[in-house]
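Notes follow the structure.
Protein chains: 4
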Amino acid sequence: MESTGKRAVDLSKKIEKVTENSSISAGLAPQFCDIEQIAANVDIPIFAQHIDAITPGASTGHVLAESVKAAGADGTLVNHSERPLPLIEIDSCVELAKQAGLKTVVCAGTARLAAAVALSEPDMVAIEPPELIGTGRAVSKQNPEIVTESVKRVHKVNPTVPILCGAGISTGEDVYAALKLGTNGILVASAVVKAPKPEEVVAAFCEAILKAS
Amino acid sequence: MESTGKRAVDLSKKIEKVTENSSISAGLAPQFCDIEQIAANVDIPIFAQHIDAITPGASTGHVLAESVKAAGADGTLVNHSERPLPLIEIDSCVELAKQAGLKTVVCAGTARLAAAVALSEPDMVAIEPPELIGTGRAVSKQNPEIVTESVKRVHKVNPTVPILCGAGISTGEDVYAALKLGTNGILVASAVVKAPKPEEVVAAFCEAILKAS
Amino acid sequence: MESTGKRAVDLSKKIEKVTENSSISAGLAPQFCDIEQIAANVDIPIFAQHIDAITPGASTGHVLAESVKAAGADGTLVNHSERPLPLIEIDSCVELAKQAGLKTVVCAGTARLAAAVALSEPDMVAIEPPELIGTGRAVSKQNPEIVTESVKRVHKVNPTVPILCGAGISTGEDVYAALKLGTNGILVASAVVKAPKPEEVVAAFCEAILKAS
Amino acid sequence: MESTGKRAVDLSKKIEKVTENSSISAGLAPQFCDIEQIAANVDIPIFAQHIDAITPGASTGHVLAESVKAAGADGTLVNHSERPLPLIEIDSCVELAKQAGLKTVVCAGTARLAAAVALSEPDMVAIEPPELIGTGRAVSKQNPEIVTESVKRVHKVNPTVPILCGAGISTGEDVYAALKLGTNGILVASAVVKAPKPEEVVAAFCEAILKAS
Chain A
2 MESTGKRAVD LSKKIEKVTE NSSISAGLAP QFCDIEQIAA NVDIPIFAQH
52 IDAITPGAST GHVLAESVKA AGADGTLVNH SERPLPLIEI DSCVELAKQA
102 GLKTVVCAGT ARLAAAVALS EPDMVAIEPP ELIGTGRAVS KQNPEIVTES
152 VKRVHKVNPT VPILCGAGIS TGEDVYAALK LGTNGILVAS AVVKAPKPEE
202 VVAAFCEAIL KAS
Chain B
2 MESTGKRAVD LSKKIEKVTE NSSISAGLAP QFCDIEQIAA NVDIPIFAQH
52 IDAITPGAST GHVLAESVKA AGADGTLVNH SERPLPLIEI DSCVELAKQA
102 GLKTVVCAGT ARLAAAVALS EPDMVAIEPP ELIGTGRAVS KQNPEIVTES
152 VKRVHKVNPT VPILCGAGIS TGEDVYAALK LGTNGILVAS AVVKAPKPEE
202 VVAAFCEAIL KAS
Chain C
2 MESTGKRAVD LSKKIEKVTE NSSISAGLAP QFCDIEQIAA NVDIPIFAQH
52 IDAITPGAST GHVLAESVKA AGADGTLVNH SERPLPLIEI DSCVELAKQA
102 GLKTVVCAGT ARLAAAVALS EPDMVAIEPP ELIGTGRAVS KQNPEIVTES
152 VKRVHKVNPT VPILCGAGIS TGEDVYAALK LGTNGILVAS AVVKAPKPEE
202 VVAAFCEAIL KAS
Chain D
2 MESTGKRAVD LSKKIEKVTE NSSISAGLAP QFCDIEQIAA NVDIPIFAQH
52 IDAITPGAST GHVLAESVKA AGADGTLVNH SERPLPLIEI DSCVELAKQA
102 GLKTVVCAGT ARLAAAVALS EPDMVAIEPP ELIGTGRAVS KQNPEIVTES
152 VKRVHKVNPT VPILCGAGIS TGEDVYAALK LGTNGILVAS AVVKAPKPEE
202 VVAAFCEAIL KAS
């Protein structure tokens, strides 16, 4: 609820403000209904949380790539652990997103699955062990091996794809650790959304990223 | 694509204009990403096409009732034939929608299933035989028995719930037939969305409704 | 694992032995792969745990009604809480089962949903609140209202369908309470399957049923 | 229906007879309910058509690896195009099958997806473009590029895994072509199951395999 409707727009403005004069790219992945108003209010990358592997037509109740693009999104998450997809649909979503002009961040929960999704040639791969999501225990500290193993396996099959990591990331230290393990960025939800002062959390993350560079 | 983004807003304004001085209530069920901008531009009821049977929390990629409400929707479709739901989720969606202050139109494809969903006490029941959806052959003319049987079976278990019917409805005559069979309104998509002049189609529907009253 | 393969056959024989000279009908719902061998070894009703709403053809990996019938099953469960189905498929499964000569026991977790599935005219309705399944706390004692409310609502829309109840049923007392609430029988899994002497548990159930009659 | 119940057992015996004195390994993937009786009657490898990514416990209506193993199966198909699975479940099924002592044949519809599933280290990968399944137009002749591309991509990430191909394979020539494209075997359904004399079709396949070796 902290990231729904007007509160989502407010949060987006705060995050934009923290990052606007830096070299860091902060993207947002709001709920579908909030994409349009956030896109109209901030100038940072916006991602849908999901698209359906479906083309316009008999698609009532589904999320079309074209619709999220028309609302102003720049990209979409695919296969988030809270919205797992059949393998064949992951591939179709990456393809449909490309056709609609959307970037893709495809998520996976293990190093092996991260490599599998990297074969679909998304714009980014995100590794998020589901068992740590929302726990406040950072994957980059609790399970650094899964991060390094993911980086290794992903780059073996797709040497150039940027890799994000997420799950439990809460502090600048967690972010610093994640980048030092070979990732190119992080995925974060509750640590920012539920913070009393989200802009301070994001500022700490930015500082850690610059330090790690 | 005719009902995505700016075109959805334009279409909504046209429909509002046709119905604004009449006693007829015309609602819209746009894509999720278009709800907010349509709600900001027209003053007629807006329905989401679907909500997920899920509460805020670990719901990335899902559609929360609270989110569509915050975007300005007045209600939601549930169990559309292109987005069929487990029985238990139909019931949960009606409940979650009520809690969020959303009206519900629960869809079913047969008379028996229409009665089954009427037991969940939605605000409206819609009968739409999937085999006629998008065909241009109106359920109210091709299969009037399914409409009368639905009205009978629904009212047996829930005497007061309004009943809509849809599938293939294209002309004023189709609408007139539908109301004369005992329904309280219609659900329509392609006949309006794909019409060269959607406002004329809606005007013809309105005329038929007034004639049937 | 206690009810897989040879152990399932042994268990079935024990249950048959307890009930064979009584007026009580005990049915079994083994795993798909065990239906054939159990049917070949005992002479009591056998139910599949599920069938798919699919007809022969492109159905690799699915469970056809005809296949469970050919293996010797007499019926099938439909919509068990561990295998919930879209509303439309519940109805199709009842229909496909009838065509294949299989009896149906359609499950539901609430009184309202029990009435909804009763509209599909299955051979039996089973009410099983998922939150009590496998707990050892019997629905008939923990939540007798849901049982009486289910009986009332089901019989309102389908006055003759027999009603089973399940979830947490462990003792003869639980069974007696269930029947006294207006049900016609019980559904039970772990209390029998995991008992050191399943035949004694079943014997206690039978005694309770006779006492309640 | 041609491969259900007793007819499945008869068909299995015929196939065993054709291959029993040859160096060719012919496996069968019958329906769940037929595994036990086929395993009891023939001595060739038997595969389930699917297992669920679930462990014993609250699994009513699902197919446990342990259950198909106990019935006599040697392995299982995973992710057949008629039973597509979430990526994460493909991986879990391979793992659960290994623990239960079952071989795995993981299916994929494109070269890219074939490589993705090869990362899960199944015992075999099968490439089956869904658009050709059941058409009688053999993938090995209609779309040889997808086969060679699959072999190339799969071996790049998993050099030793055997590769099967399927979809439309109907004649000895189709089989010969498939092996010459670098595959190690074929998957076939309707061409054998619906043949008036299945044993002759299988004999022709065997001849083609020996010729291609």
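Residue numbers (this note's numbering), protein chains in the order written: chain A, 2 to 214; chain B, 2 to 214; chain C, 2 to 214; chain D, 2 to 214.
Beta carbons are placed, not taken as given, at the ideal position from N, Cα and C, and that holds for glycine.
As the structure is a computational prediction, the values presented were derived from the model and not from experiment.
- The region 54 to 65 of chain B makes no contact with the region 92 to 101 of chain A: fewer than 3 CB pairs, one atom from each, lie closer than 8 Å.
- The DSSP assignment places 164 to 167, 186 to 188 as complete runs of the beta strand (DSSP E) inside the region 150 to 204 of chain C, in order along the chain (cut-off: 3 residues).
- Residue environment analysis places D:SER26 among the exposed positions, since fewer than 16 neighbouring C-beta atoms fall within 10 angstroms of its C-beta.
- No residue range can be given for B:LEU103, since it is assigned to no alpha helix (DSSP H) and is classified by DSSP as neither H nor E.
- One thing to note: C:LEU78 has its Cβ no nearer than 9 Å to the Cβ of C:ALA40.
- For a cut-off of 8 Å, the C-beta gap from A:LEU120 to D:ALA116 is around 5 Å, short enough to register as a contact.
- For D:GLN32, the residues of chain C that pass the 7 Å Cβ criterion are LEU65, SER68, in the order they occur in the chain.
- Beta-bridge analysis with DSSP links A:GLY76 to A:PHE48, A:LYS104.
- Between A:GLY135 and chain B, the shortest Cβ-Cβ separation is below 9 Å.
- By the neighbour-count criterion, in which a residue is buried when 16 or more other Cβ atoms sit within 10 angstroms of its Cβ, A:LEU211 is exposed.
- For A:GLU129, the closest alpha carbon among the candidates A:ARG84, A:SER24, A:GLU90 is that of A:ARG84.
- Sequence-ordered contacts of the region 87 to 98 of chain C with chain B read PRO87, LEU88, ILE89, GLU90, ILE91, ASP92 [C-beta pairs closer than 9 Å].
- Looking from the CA of B:GLU174, the closest CA among B:GLU122, B:PHE48, B:VAL203, B:GLU150 belongs to B:VAL203.
- For C:VAL189, the CB contacts under 7 Å within the same chain, skipping 5 residues up- and downstream, are GLY167, ILE170 in chain order.
- One thing to note: C:GLY183 has its Cβ within 9 Å of the Cβ of C:VAL152.
- With contacts defined as CB atoms closer than 9 Å, B:ILE55 and B:GLY28 fail to qualify as a contacting pair.
- For C:ALA139 and C:CYS207, the gap between their C-alpha atoms comes out near 17 Å.
- Here D:GLY102 is exposed: its Cβ has fewer than 16 other Cβ atoms, across all protein chains shown, within 10 Å.
- The C-beta of A:LYS70 has 16 or more other C-beta atoms within 10 Å across all chains shown, which makes the residue buried.
- Taking C-alpha positions only, B:ASN159 is separated from B:PRO123 by approximately 10 Å.
- C:PRO197 counts as exposed, since fewer than 16 other beta carbons sit within 10 angstroms of its beta carbon.
- B:ASP35 and C:VAL148 have their C-alpha atoms roughly 44 Å apart.
- The Cβ of A:LYS153 sits no closer than 9 Å to any Cβ of chain D.
- Contact annotation: B:GLY76 and B:PHE33 have beta-carbon atoms that are not nearer than 9 Å.
- A direct Cα-Cα distance of roughly 40 Å separates D:TYR177 from A:GLU150.
- Annotated three-state conformation of A:ALA127 is strand, per DSSP.
- Residues of the region 102 to 132 of chain D with a C-beta atom less than 8 Å from some C-beta of chain A are ALA109, GLY110, THR111, ARG113, LEU114, ALA116, ALA117, VAL118, LEU120, SER121, listed in chain order.
- Using beta-carbon distances, D:VAL148 does not count as an interface residue toward chain A, since no partner is under 9 Å.
- Taking a Cβ-Cβ cut-off of 9 Å, the neighbours of A:PRO85 in chain D comprise PRO87, LEU88, ILE89, GLU90, given in sequence order.
- Close CB contacts of B:GLY6 within its chain, under the 7 Å cut and outside five residues either way in sequence, are with ASP35 (chain order).
- Going by DSSP, B:ARG8 is part of the alpha helix (DSSP H) stretching over 7 to 20.
- Ranked by Cα distance from C:HIS81, the first of B:PRO87, B:ASN80, B:HIS81 is B:PRO87.
- Counting the other CB atoms within 10 Å of its CB gives C:ASP11 a total below 16, which places it among the exposed residues.
- In this model, C:SER4 and C:SER214 are separated by some 30 Å (Cα to Cα).
- Residues of chain C with a Cβ closer than 7 Å to the Cβ of B:VAL158 are, in chain order, VAL158.
- Under the three-state reduction of DSSP, A:PRO87 is assigned to strand.
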